[in-house]
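J.:
Residue numbers (the numbering used here): 18 to 118.
And the structure:
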């Protein structure tokens with residue numbers, strides 16, 4: 018529908034239907050990553066002291082899904098200390114299978 022057609026009073030009822038369809042085409046719903054118990058994940062560094070520091074350095078295992086977007090993570094190598102973190106899914110990345118830690 019062109020802007021000239023949208024200004025006609027008989028087309029005013031059609032505008033919401035048309036704009037919703039166009040909006041859905043343009044902005045598809047993003048699929049958020051979901052982690053399950055036992056998944057190996059990379060954890061984003063909170064503080065990087067230099068530009069050369071890695072964004073994701075520590076490795077952990079998902080223990081539980083605390084809330085809808087947050088996960089309880091057990092740090093690998095710290096089984097005796099019981100080091101656990103709660104991290105938002107945006108701070109986690111699934112560990113690629115070809116990476117050996």
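Where is the CB? At the ideal position from N, CA and C, for every residue including glycine.
When DSSP builds the beta bridges, which residues end up paired with residue 102?
T.: In the chain shown, residue 102 corresponds to position 85, counting from 1. Beta-bridge pairing links residue 102 to 90.
J.: I'd like to confirm the pairing. Which residues does DSSP put opposite residue 79 in its beta bridges?
T.: For the purposes of this step, residue 79 is taken as the residue at position 62 of the chain shown. Per DSSP, 90.
J.: For residue 110, which of 94, 87 and 40 has the nearest alpha-carbon?
T.: Reading the chain shown from its first residue, position 93 is the one you call residue 110. Of the listed residues, the one whose Cα sits closest to residue 110 is 87.
J.: Residue 77 and residue 92: beta carbons closer than 7 Å?
T.: Locating residue 77 in the chain shown gives position 60, counting from the first residue. Locating residue 92 in the chain shown gives position 75, counting from the first residue. Going by C-beta atoms, residue 77 is nearer than 7 Å to residue 92.
J.: Under the assumption that residue 23 contacts residue 32 (Cβ atoms under 8 Å), give the Cβ distance between them as a whole number of angstroms.
T.: Position 6 of the chain shown, counted from the first residue, corresponds to residue 23. Position 15 of the chain shown, counted from the first residue, corresponds to residue 32. The Cβ separation is near 6 Å, so the contact holds.
J.: Assign residue 58 to one of two classes, buried (16 or more other C-beta atoms within 10 Å of its C-beta) or exposed (fewer than that).
T.: The count along the chain shown starts at 1 and reaches residue 58 at position 41. That one is buried.
J.: If you run the structure through DSSP and keep just helix, strand and coil, what is residue 39?
T.: The count along the chain shown starts at 1 and reaches residue 39 at position 22. Residue state, collapsed to three classes: helix.
J.: Using the Cβ count rule (16 or more neighbours within 10 Å means buried), how would you classify residue 49?
T.: Here the question's residue 49 lines up with position 32 in the chain shown. Exposed, because fewer than 16 other Cβ atoms sit within 10 Å of the Cβ of residue 49.
J.: Just how far apart, CA to CA, sit residue 40 and residue 79?
T.: As a working mapping, residue 40 is identified with position 23 in the chain shown. As a working mapping, residue 79 is identified with position 62 in the chain shown. Rounded to the nearest angstrom, the two C-alpha atoms are 36 Å apart.
J.: Could you work out which residue in 112, 18 and 52 is closest to residue 74 when comparing CA atoms only?
T.: Reading the chain shown from its first residue, position 57 is the one you call residue 74. Closest by alpha carbon: 112.
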